[in-house]
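Structure first, then comments.
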Amino acid sequence: MAACTTQFEREYAEAERWRAAAAAAGHEWIETSRLLEQAEATADAGNMDVAFELLGKARFQAEAAVRQAEREAEAWRVRVIK
Amino acid sequence: MNKTAVMLTSILATSLAQPAAIAGPEEDRAAFVRYFQSRFPDVEFDEFANGIYAIDADSRRQWLEIEEFPPYEFAIEQGESEWQQTFANGRTFADCFAQPSDSIRAMYPRYEEARGEVVTLEIALNDCRAANDEEPYAYDAEELIDLTAFLAFEARGKAVAVRIPADQPGAIAAYEDGKRFYYSKRGQLNFACSDCHITSVGQRVRADRLGPSLGHTTHFPVYRSKLGGMIGLQQRFLGCIRDVRAKPFELQSTEYRNLEFFLAYMSNGLMINGPGARK
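Which chain is which? The protein sequence lines are A and B, in order.
Counting from 1, position 30 in the first sequence corresponds to residue 30 in our numbering; the numbering is continuous, with no gaps.
Counting from 1, position 171 in the second sequence corresponds to residue 253 in our numbering; the numbering is continuous, with no gaps.
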């Protein structure tokens with residue numbers, strides 16, 4: 001149980017870093033923070049399977065948002081009306 | 083340095099290193115107008131100030147009926163009352179502005195070099211309150227929206243005339259930032275403002291048709307039937323950003339002020355016709 005909690009904390013911290021990176025780039029998605037909160041609450045309640053599932057979704061969204069920011073750093077230019 | 087930090091540094095470095103877009107604001111605006119005029123050749127330039135009602139006949143008919151008893155009239159009356167209120171120190175809003183009430187709406191948004199940022203009408207009104215030791219309004223406060231409704235009504239017929247002086251690099255940077263925001267995809271749905279309001283203009287999203295960005299800023303604030311009340315332009319930004327499942331920015335954030343600056347410039351030459359009425 002303790003090992004599971006430690007792993008959760010490690011993965012939570014990583015997901016939160018991705019979320020913060022997306023936010024810093026101005027591209028945070030609307031659900032990511034809520035998913036992290038839900039994951040934390042679910043872990044606190046002892047339902048680790050669901051907690052990890054929620055954490056996975058949060059991490060996926062946060063990382064996708066960061067990739068979006070990386071793409072859009074230049075991609076927006078092709079849409080400008082000329 | 084871990085992978086996340088390396089990636090973040092890369093994103094920030096890329097953003098800071100971006101060269102300015104090749105065309106200047108006036109070239110952008112001319113291309114913007116040409117695009118919408120070519121998409122809707124039967125619509126006169128001035129009509130684009132009416133947004134979706136310029137390109138959708140059914141909506142226009144409904145709107146003209148609504149305009150017989152405009153739902154925003156109460157906001158105008160309340161706004162006029164707010165405008166005339168006396169602060170505790172005996173001064174009024176009018177004392178903060180050198181111009182008469184019919185010339186104030188057209189002054190904003192504008193880039194103020196001394197402050198290094200875009201100043202909107204809402205910011206200016208709150209600055210006035212603060213200068214007179216009054217509590218600034220929340221940016222979604224009814225009183226503030228009513229004030230902007232009154233000032234928009236007073237300014238009807240005045241042209242949008244946003245200036246971007248060539249000798250103010252800060253103004254150009256704010257414009258370019260707003261332009262980048264407008265054309266950047268964001269959110270879980272991966273939409274840019276341009277996807278709906280340029281590429282898909284006139285197409286349907288559920289029961290609504292997507293309006294053109296040319297003229298987007300002229301008619302705000304608007305009475306929204308679905309909300310039963312008034313909203314400002316930046317509240318509409320917030321709603322759109324939320325609708326594409328991106329985390330919205332704060333009202334009057336740098337992002338939204340620069341976006342307003344860009345969109346207002348694109349509508350230069352159109353007549354202010356707020357407040358408006360929308361679904």
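We put the CB at the ideal spot given by N, CA and C, even for glycine.
Range of the contiguous alpha helix (DSSP H) that encloses residue i
i: R85 (chain A); result: Any question about residue 85 (chain A) goes unanswered here, given that chain A covers just 1 to 82.
i: Y264 (chain B); result: 251 to 265
i: A213 (chain B); result: 203 to 213
i: R142 (chain B); result: 139 to 148
i: Q166 (chain B); result: 155 to 166
Residue i beta carbon near the ligand SAH (any heavy atom closer than 6 angstroms)
i: N340 (chain B); result: Inclusion of the ligand SAH in the displayed structure is not the case, the ligand content being empty and no account of it being possible.
Reference residue i; option with closest CA among the options
i: A69 (chain A); options: B:Y347, B:F343, B:L352, B:A328; result: B:A328
i: A139 (chain B); options: B:F122, B:E150, B:P152, B:P153; result: B:F122
i: F331 (chain B); options: A:F8, A:I30, A:V50; result: A:I30
i: I354 (chain B); options: B:R288, B:D128, B:Y154; result: B:D128
i: G358 (chain B); options: B:V125, B:V242, B:I134; result: B:I134
i: E337 (chain B); options: B:A256, B:E147, B:A248, B:R197; result: B:A256
i: G26 (chain A); options: A:I81, A:K82, A:W76, A:A65; result: A:A65
i: A112 (chain B); options: B:L333, B:S349, B:K361; result: B:S349
i: L207 (chain B); options: B:F175, B:A237, B:I137; result: B:F175
i: F344 (chain B); options: B:Q270, B:I137, B:F179, B:Q316; result: B:Q316
i: A243 (chain B); options: B:G260, B:A237, B:L233, B:A346; result: B:A346
i: R282 (chain B); options: B:Y117, B:A223, B:E195; result: Residue identity check: residue 282 (chain B) is Ser in the sequence provided, not Arg. Of the listed residues, the one whose Cα sits closest to S282 (chain B) is B:Y117.
i: A241 (chain B); options: B:A170, B:C210, B:Y264, B:G297; result: B:G297
i: F302 (chain B); options: B:G314, B:P294, B:R291; result: B:G314
i: R197 (chain B); options: B:D209, B:E150, B:R187, B:R142; result: B:D209
i: F273 (chain B); options: B:T202, B:A188, B:R324; result: B:R324
i: S120 (chain B); options: B:R192, B:L341, B:P294; result: B:P294
i: C275 (chain B); options: B:R288, B:K261, B:R286; result: B:K261
i: T300 (chain B); options: B:G252, B:G351, B:P107; result: B:G351
i: F319 (chain B); options: B:E150, B:D222, B:E162; result: B:D222
For residue i: DSSP bridge partner residues
i: W29 (chain A); result: B:A328
i: M353 (chain B); result: B:A241
i: Y305 (chain B); result: B:M312, B:A359
i: V365 (chain B); result: In the structure displayed, chain B extends from 83 to 361; residue 365 (chain B) sits before or after that span and is not available.
i: Y338 (chain B); result: Paired residues: none, contrary to the question.
i: V125 (chain B); result: The partner list for V125 (chain B) (beta bridge, DSSP) is empty, contrary to what the question assumes.
For residue i, the three-state DSSP class (helix, strand or coil)
i: A113 (chain B); result: helix
i: R245 (chain B); result: coil
i: F273 (chain B); result: strand
i: Y221 (chain B); result: coil
i: E195 (chain B); result: coil
i: R268 (chain B); result: strand
i: Q78 (chain A); result: A small fix is needed here, since residue 78 (chain A) is Val in this sequence, not Gln. Reduced to three states, the DSSP call for V78 (chain A) is helix.
i: A103 (chain B); result: Caution is warranted here: a pLDDT of 46 is assigned to A103 (chain B), below 50, making its placement in the model unreliable, and no coordinate value can be reported.
i: A95 (chain B); result: Note that A95 (chain B) scores 45 on pLDDT, short of 50, meaning its location in the model is unreliable; the coordinates nonetheless yield the value given after this. Correct three-state label for A95 (chain B): helix.
Limits of the beta strand (DSSP E) - the one that residue i falls within
i: M312 (chain B); result: 311 to 313
i: G358 (chain B); result: 358 to 360
i: R71 (chain A); result: Element bounds for R71 (chain A): not the beta strand (DSSP E) but the alpha helix (DSSP H), 48 to 75.
9 angstroms Cβ cut-off: residues of chain D touching residue i
i: A274 (chain B); result: No chain D appears in the structure shown, which is made up of the protein chains A and B.
* Contact between the segment 152 to 168 of chain B and the segment 221 to 234 of chain B (3+ Cβ pairs under 8 angstroms) -> Yes, the segment 152 to 168 of chain B touches the segment 221 to 234 of chain B.
* Stretch-stretch touch, CB-based, cutoff 8 angstroms, three pairs: the segment 162 to 177 of chain B with the segment 305 to 325 of chain B -> Taking a cut-off of 8 angstroms for Cβ pairs, the segment 162 to 177 of chain B and the segment 305 to 325 of chain B do not touch, as fewer than three such pairs fall below it.
* Three CB pairs or more closer than 8 angstroms across the segment 69 to 79 of chain A and the segment 31 to 39 of chain A -> no
* How about the segment 204 to 224 of chain B and the segment 258 to 271 of chain B: do they share at least three Cβ pairs that are nearer than 8 angstroms? -> no
* Any chance the segment 230 to 239 of chain B sits against the segment 46 to 65 of chain A, with 3 or more Cβ pairs inside 8 angstroms? -> no
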